[in-house]
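Asks:
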Amino acid sequence: MTRTALHRLARRFAIGVIVAAGAVAGVAAAPAAALAPAPVAVRGDVDDFSFASYEGDFALGRDESGRALLTTTEAFVARFPQSDQNKGIVRAIPQSADGVDLHTEVVSVTNAAGEDVPYTVESDGGFLEVATGTDDYVHGDQSYVITYRQVDVVRAFADTDAEEFYWDGPGTGWEQPFESAVMRVHVPAELESALTGSAACYAGSQGSDSQCRIDARETDGETVFTTSSERLDAEQTVTVAVGFRNGTFTEPVRPITWPVFTIVPVVLLVVSLALLVVAIVARRLSVRDEKGRGTVIAEYSPSGAGLRMEADIVDRAGRYVPAAMIRLAVSRAARIIDRPEHKSFTLELVDPSRIPDEDKKLCARLFDGSRHVDLWRNDAELGSYLQGAPGRLRRAAEKAGLRVVRRVPRRGLLLGAAGAAAAGSILFVIIASQFYAVTDVAGLAVIVAVGSFIADVIITAKRSARTKRGAELREYVEGLKLYLTVAEEDRIRMLQSPTGAERIDAGDAGAVLVLYEKLLPYAVLWGVADSWARVLEQRYRVAGTGSDWFVTQAGVPLGSLVRGVSAFTITSGTATPWAQAASTSSSGGSTGGGFAGGGGGGGGGGGR
C-alpha cells in the first residue's frame, strides 16, 4: 500500500470519527425515538472522481559528472463532480529509488493554459506530496501540469547487460481510473548514440507483464519514445524501460553496496550456524545415553524387565497397548473374536488370573468392569487415557533407573545468544529495507537464524537418557528383534545352542509353538507382526493344532488378526484410538522481461 493510500484511509477514518461524534451529541440532546438514522447532507469522498487523461513527458539528460538528470512534466486532466467536493489534487512523488535519493525538486504547477496554480509541498514518508488548489472548490474538468526535476534516475541491470531508464508513469497509488494515459521519454542528441535499441512498455496493475506499444521517433534533435494510449483502472500504471549501453551514466552509490549491508548479514549467518553446531555438540556430550555392552545378540527369551519397560527403552511406547492386547490373548487371559459385520474384533476376558501383573492397570481401564472390549467403538475417556500411556511408561522407566533426565548446561545462555541472532537478523532486514538494501544473503540470514534458533530450542531440550542398565536392556530387546527377523533355520540353530538362555528341543513342536506365541507381542512391538504371524501359522500346522485364543467364523487368517490389532495406535486427533484393520524486480525491463510498476518514479495521489 502506498503512502497516499494510507492517507486516504486516515482521512476516511477521521470523517467516520466526526460523524460518530455528531451522532453521540445528537443522542444526548434527543429523545429515544430520535435514535433512528436520519438523512444527512454530506459531500462525497474527495477520491470519488476520475481522470480524463494523463500525459507524462520525461526529458533525460546528463550533467558534467555523468549523473542522469530527469525533468518530468506531468499533465493531469481531472474530472470532478459538479458538487462541492474537491479543491484540487494531491500528487505523491517518490523521493528515492532503490534507496538512492532522487533529490526531487518541484519546479512549477500550472494549468493547461500555462497559468500558475497554487500549491503546497510536504515531504512525508518518502514521498513529496504536491497539493494543488486553494480552499475554493473546483468542478468539472480541471487541468494540472506539474513539473519537477530529479537526478540519478538510471541504473544498471545485470540480466539485460545495460543501463536502463526504467520508470513508472502515474504510478499504482491512485484510486481513480484514467481514460487515457501516455508516456513520452525524451532522449537528447548527445545520448542517442548510447541507446541500445531496446525499449519496452508495460501497462496494468503492479506486477503485470502485459506489454503495450512503444514507438521511437527522431524529432527536433532528440529521440522520443512514445507509448500507446492506455486506459487504466484504479491502481494501475504505465511503465517504460529504455536501454543504454553500460557506462553511459555515472552510477550512484547504492546503499545495498555499503559494507554494513554486505558484512553484517554474513556475520549473523555465521554466528547462527556456529551456535547451532555448539547446540548439537553440547547435546551429544551432555544428554546422550550411557553405553551398554556394545553388541546386539539374537535373543529368544524375554528379558524379565517387563513389556512396559521394554517398549519404552526401545522408543516403542506407542505400540505397548496393542502388544499387551496380543499378550493377553496368547497367555490365555483373553481371546480375540472376529467381528466380520464390523470389519473389526472384540477382545474378550477369559481368565483374569492369567493377566500379567504389569498389565492389570491397563486391563482395568480397557474392560472397565465388563468382559468385552469392542475395538470399533468410540470411547473418548479411554482414548484420552491411552494417549497418556507413553508418558507414563517414560516416567516408570526413570523411576526404575533405566532412564535419567539430563539437561544441556548453560542452555539459557546458548538460547539467549541464538535468540539475539535471530532477532538481530530480522531487525537488520527491517532497517535494510528502508534503504532498499536487502540482499539475498540478508534474506538467507533471517531464514537460517530463525531456523537455527528453533532448532536450538529443540536440540537443547531436556532428555530422558538411557542409563547403563537401560542401554543394556535396549540391546537385549534389539536382540529379540534380530531373532524375529532371521531365517527359520537360524532360529532353530539358536534354540539348540548350548549357550542359549533357555535351550529348547527344536523337535518338540509344542515347546517351539509356546515360545513363538510368547514372542508374538514383541513382533507387534517391533512392527514385524505380519511376517511373524506367517511363521506362527506354519508352526500351528506342524503341531497339528489351531489357535484357541483367536476365534473366527469367517476364516480370517491369523495374519489379518495380528495386523488389525497391531495397527492399534495411540493418536491425539480422534475420540478413540481404535484402528480397524480387518481389511486393508531485481531485473531489467528494456528487453521485455519487466512488468508494470517495476520501475522507479510512479507513486500516486488523489483528490483534496
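Numbering (mature numbering (1 follows the signal peptide of the UniProt record, and there is no 0)), first residue to last: -29 to -1, 1 to 579. For glycine and all other residues, C-beta sits at the position ideal for the given N, C-alpha and C. On a predicted model such as this, the values are computed, not experimentally measured, just so you know.
Whole angstroms is fine: what's the gap from Gly498's alpha carbon to Ser176's?
Replies: Taking the sequence shown and counting its residues from 1, one reaches residue 498 at position 527. Taking the sequence shown and counting its residues from 1, one reaches residue 176 at position 205. Computed Cα separation, rounded: 57 Å.
Asks: May I ask which residues mark the beginning and end of the alpha helix (DSSP H) holding Phe399?
Replies: Sequence index remark: in the sequence shown, residue 399 carries index 428 (1-based). Per DSSP, Phe399 belongs to the alpha helix (DSSP H) from 382 to 405.
Asks: Here's the rule I'm using: 16 or more other beta-carbon atoms within 10 Å means buried, otherwise exposed. How should Glu488 be labelled?
Replies: What you label residue 488 is simply residue 517 of the sequence shown in a count that begins at 1. Result: buried.
Asks: Let me see if you follow: with CB-CB separation under 9 Å, is Asp34 close to chain C or not?
Replies: Absent here is chain C; the protein component of the structure consists of one chain.
Asks: Measuring straight from C-alpha to C-alpha, what distance separates Glu206 and Thr233?
Replies: Within the sequence shown, the letter at position 235 stands for residue 206. Within the sequence shown, the letter at position 262 stands for residue 233. Each residue's Cα considered, the two are about 34 Å apart.
Asks: Near Arg325, which residues of its chain fall below 7 Å by C-beta distance, leaving aside the five closest residues on each side in sequence?
Replies: Locating residue 325 in the sequence shown gives position 354, where the first residue counts as 1. If we look at Arg325 and ignore the five residues flanking it on each side, its Cβ neighbours are Ser302, Arg303, Ala304.
Asks: Quick one, are the C-beta atoms of Leu453 and Ile284 less than 9 Å apart?
Replies: For the purposes of this step, residue 453 is taken as the residue at position 482 of the sequence shown. For the purposes of this step, residue 284 is taken as the residue at position 313 of the sequence shown. For Leu453 and Ile284, no; Cβs fall outside 9 Å.
Asks: For my contact list, Leu246 and Ser423 are in at a C-beta cut-off of 8 Å; report their separation, rounded to the angstrom.
Replies: In the sequence shown, residue 246 corresponds to position 275, counting from 1. In the sequence shown, residue 423 corresponds to position 452, counting from 1. Between Ser423 and Leu246 the Cβ distance is about 6 Å, and since that is below 8 Å, they are a contact.
Asks: Note down the Cα distance separating Val13 from Pro89, rounded to an integer number of angstroms.
Replies: As a first step, residue 13 is located in the sequence shown; it is residue number 42 there, counting from the start. As a first step, residue 89 is located in the sequence shown; it is residue number 118 there, counting from the start. Since pLDDT at Val13 reaches only 44, below the 50 mark, its modelled position is unreliable, and the value read off the structure follows with that caveat. Each residue's alpha carbon lies about 26 Å from the other.
Asks: For the putative contact between Ala368 and Arg377, defined by C-beta atoms under 8 Å, what is the C-beta separation to the nearest angstrom?
Replies: The residue labelled residue 368 in the question sits at position 397 within the sequence shown. The residue labelled residue 377 in the question sits at position 406 within the sequence shown. Incorrect: roughly 14 Å between the Cβ atoms, too far for contact.
Asks: Measuring alpha carbon to alpha carbon, tell me which residue in Ile64, Asp18, Glu26 is nearest Gln56.
Replies: By 1-based counting over the sequence shown, the position of residue 56 is 85. The candidate whose alpha carbon is nearest that of Gln56 is Asp18.
Asks: Considering just the uninterrupted stretch of the alpha helix (DSSP H) at Val235, what are its terminal residues?
Replies: Numbered from its first residue, the sequence shown carries residue 235 at position 264. From DSSP, the alpha helix (DSSP H) with Val235 extends over 230 to 257.
Asks: From the DSSP output, read off the bridge partner residues of Arg310.
Replies: Along the sequence shown, one-based indexing puts residue 310 at 339. Ser315.
Asks: With 16 as the cutoff for other CB atoms within 10 Å, does residue 580 come out buried or exposed?
Replies: A question about residue 580 goes unanswered here, because the residues of the chain that appear run from -29 up to 579.
Asks: Please work out which residues of its chain come closer than 6 Å, Cβ to Cβ, to Glu281, disregarding the five sequence neighbours upstream and downstream, and give them in chain order.
Replies: Taking the sequence shown and counting its residues from 1, one reaches residue 281 at position 310. Correct list, in chain order: Val448.
Asks: Enumerate in chain order the residues of its own chain whose CB-to-CB distance from Leu240 is below 6 Å, with the five nearest sequence positions on each side excluded.
Replies: Counted from its first residue, the sequence shown places residue 240 at position 269. Answer for Leu240: Ala416, Val419, listed in chain order.
Asks: Would you kindly work out how many angstroms separate the C-alpha atoms of Ser396 and Val412, rounded to a whole number?
Replies: Your numbering for residue 396 matches position 425 in the sequence shown. Your numbering for residue 412 matches position 441 in the sequence shown. Their Cα atoms are separated by approximately 11 Å.
Asks: Please classify Leu507 as buried or exposed, where buried requires at least 16 neighbouring CB atoms within 10 angstroms.
Replies: The residue labelled residue 507 in the question sits at position 536 within the sequence shown. Leu507 comes out buried.
Asks: I'd like to confirm the pairing. Which residues does DSSP put opposite Phe98 in its beta bridges?
Replies: Along the sequence shown, read from residue 1 onward, the residue named residue 98 stands at position 127. Pro65, Asp95, per the DSSP bridge assignment.
Asks: Using DSSP's beta-bridge definition, name the partner residues of Val211.
Replies: In the sequence shown, the residue the question calls residue 211 occupies position 240. Trp138, Cys172.
Asks: If we call anything under 9 Å between Cβ atoms a contact, is Ala389 one with Ala250?
Replies: The sequence position of residue 389 within the sequence shown is 418, counting from 1. The sequence position of residue 250 within the sequence shown is 279, counting from 1. Their beta carbons are under 9 Å apart, which means Ala389 touches Ala250 by this criterion.
Asks: Quick check on the DSSP output: the alpha helix (DSSP H) that includes Arg505 runs from which residue to which?
Replies: As a first step, residue 505 is located in the sequence shown; it is residue number 534 there, counting from the start. Per DSSP, Arg505 belongs to the alpha helix (DSSP H) from 500 to 514.
Asks: Report buried or exposed for Gln405, applying the criterion of at least 16 other Cβ atoms within 10 angstroms of its Cβ.
Replies: One-based indexing of the sequence shown puts residue 405 at position 434. Under this definition Gln405 is an exposed residue.
Asks: Starting from Val267, trace the beta strand (DSSP E) in both directions and tell me its first and last residue.
Replies: As a working note, residue 267 is residue 296 in the sequence shown. Careful: Val267 lies outside any beta strand (DSSP E) and carries neither H nor E.
Asks: Using 10 angstroms around the beta-carbon of Asp309, count the other beta-carbons present and answer buried if the total reaches 16, otherwise exposed.
Replies: Counted from its first residue, the sequence shown places residue 309 at position 338. Looking at its Cβ environment, which holds 16 or more other Cβ atoms inside 10 Å, Asp309 is buried.
Asks: So for Ile117, helix, strand or coil by DSSP?
Replies: Taking the sequence shown and counting its residues from 1, one reaches residue 117 at position 146. Here Ile117 sits in strand by DSSP.
Asks: Let me know if Thr516 comes out buried or exposed under the rule of 16 or more other beta-carbons within 10 Å of its beta-carbon.
Replies: Within the sequence shown, the letter at position 545 stands for residue 516. Classification for Thr516: exposed.
Asks: Pop quiz: Pro528 and Arg298 are said to be a contact at Cβ under 8 Å. What is the actual Cβ separation, rounded to whole angstroms?
Replies: If you number the sequence shown from 1, residue 528 lands on position 557. If you number the sequence shown from 1, residue 298 lands on position 327. So it is not a contact: roughly 20 Å between Cβ atoms.
Asks: Roughly how many angstroms lie between the CA atoms of Gln509 and Val421, to the nearest whole one?
Replies: Looking up residue 509 in the sequence shown gives position 538. Looking up residue 421 in the sequence shown gives position 450. Rounded to the nearest angstrom, the two C-alpha atoms are 56 Å apart.
Asks: Whole angstroms are fine: how far does the CA of Glu93 sit from the CA of Asp107?
Replies: For the purposes of this step, residue 107 is identified with residue 136 of the sequence shown, where counting begins at 1. For the purposes of this step, residue 93 is identified with residue 122 of the sequence shown, where counting begins at 1. Each residue's alpha carbon lies about 20 Å from the other.
Asks: Kindly indicate which three-state DSSP category Arg225 falls into: helix, strand or coil?
Replies: Counting from one through the sequence shown, the residue named residue 225 turns up at place 254. Note: Arg225 maps to coil in three-state DSSP.
Asks: Measuring straight from C-alpha to C-alpha, what distance separates Glu26 and Asp139?
Replies: In the sequence shown, the residue the question calls residue 26 occupies position 55. In the sequence shown, the residue the question calls residue 139 occupies position 168. Straight-line Cα distance between these residues: approximately 12 Å.
Asks: Counting C-beta neighbours from all protein chains within 10 Å, is the total for Leu384 16 or more, i.e. buried, or is it exposed?
Replies: For the purposes of this step, residue 384 is taken as the residue at position 413 of the sequence shown. Per the 10 Å Cβ criterion, exposed.
Asks: Select from Asp28, Gln66, Gln53 the residue whose C-alpha is nearest the C-alpha of Gly575.
Replies: Here residue 575 corresponds to residue number 604 of the sequence shown, with the count starting at 1. It is Gln66 whose Cα lies nearest to the Cα of Gly575.
Asks: Would you mind listing the alpha helix (DSSP H) stretches within the region 424 to 464 that are 4+ residues and don't spill past its ends, in chain order?
Replies: Listed in chain order, they are 439 to 456.
Asks: With a threshold of 8 Å on Cβ separation, who are the neighbours of Asp132 within its own chain once the five nearest residues in sequence on each side are excluded?
Replies: Walking along the sequence shown from the start, residue 132 turns up at place 161. Asn217, listed in sequence order.
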